[in-house]
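Numbering (this note's numbering), first residue to last: 21 to 199.
A virtual CB, placed ideally from N, CA and C, is assigned to each residue, including glycine.
Working notes, structure below.
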Ligand SMILES: [Fe+2]
Ligand SMILES: [Fe+2]
């Protein structure tokens, strides 16, 4: 199994979430209200699946393995990826605040739209760079250690997100992207 397989699979789930976020933006732009429960589910996914689980697998599993093979953390691809993870966390926390304000005042849609659009743009290009550049480099330089890294990533995932929650997210996203 390639060292990055589970991360690439996570990306497929995340891309579904970005599609659901895009639908949320369209609904808002057409003047509709979006149920708070859906907005909260989105923030929950971003916080737990993307930040807590997926980004930890990269930050504590893949990047240190690349670092051991000589890829620096302070500059180059890893530094850029880490910076973008931080930016994602910043936007996620802004989104959480804006949803709380929207709950009290349904006319406050424009900040949510702006934040979600920035988040989609950030994550789409981030995933593209990982899938097409960084992970290809990683698959090649970590070929010998791929089993060790795969089990390390599995361990981080077990620690950060229980398997049942992963299934629930996948079902939720299937529902949201079918509409
Ligand atoms: Fe990443
Ligand atoms: Fe990623």
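Around the CB of residue 153, fewer than 16 other CB atoms lie within 10 Å, so the residue is classed as exposed. Shown here for residue 136: same chain residues with a beta carbon closer than 6 Å to its own, the five before and five after excluded, namely 41 and 45 in chain order. Counting along the chain, residue 103 sits inside the alpha helix (DSSP H) bounded by residues 97-124. The alpha-carbon of residue 170 is positioned some 44 Å away from that of residue 50. Here residue 141 is exposed: its Cβ has fewer than 16 other Cβ atoms, across all protein chains shown, within 10 Å. Residue side-chain check: residue 150 places its Cβ nearer than 7 Å to a non-hydrogen atom of ligand 1.
Set against 7 Å, the gap from the CB of residue 101 to the closest heavy atom of ligand 1 is smaller. If you draw a straight line from the Cα of residue 163 to the Cα of residue 121, it is about 48 Å long.
Relative to residue 32, the option among 70, 47 and 96 whose CA is nearest is 70. In this structure, the beta-carbon distance from residue 60 to residue 181 does not fall below 8 Å. Burial of residue 30 is indicated by the presence of at least 16 other C-beta atoms within 10 angstroms of its C-beta.
Sorting 159, 193, 179 and 189 by C-alpha distance to the C-alpha of residue 28 places 159 at the top. Separation of residue 190 and residue 79 (C-alpha to C-alpha, rounded to the nearest whole angstrom) is 23 Å. Each residue's CA atom was taken as its position, placing residue 97 and residue 35 some 21 Å apart. Residue 86 carries a helical assignment under DSSP once its states are collapsed to helix, strand and coil. Of the candidates 109, 185, 57 and 168, the residue whose Cα lies closest to the Cα of residue 76 is 109.
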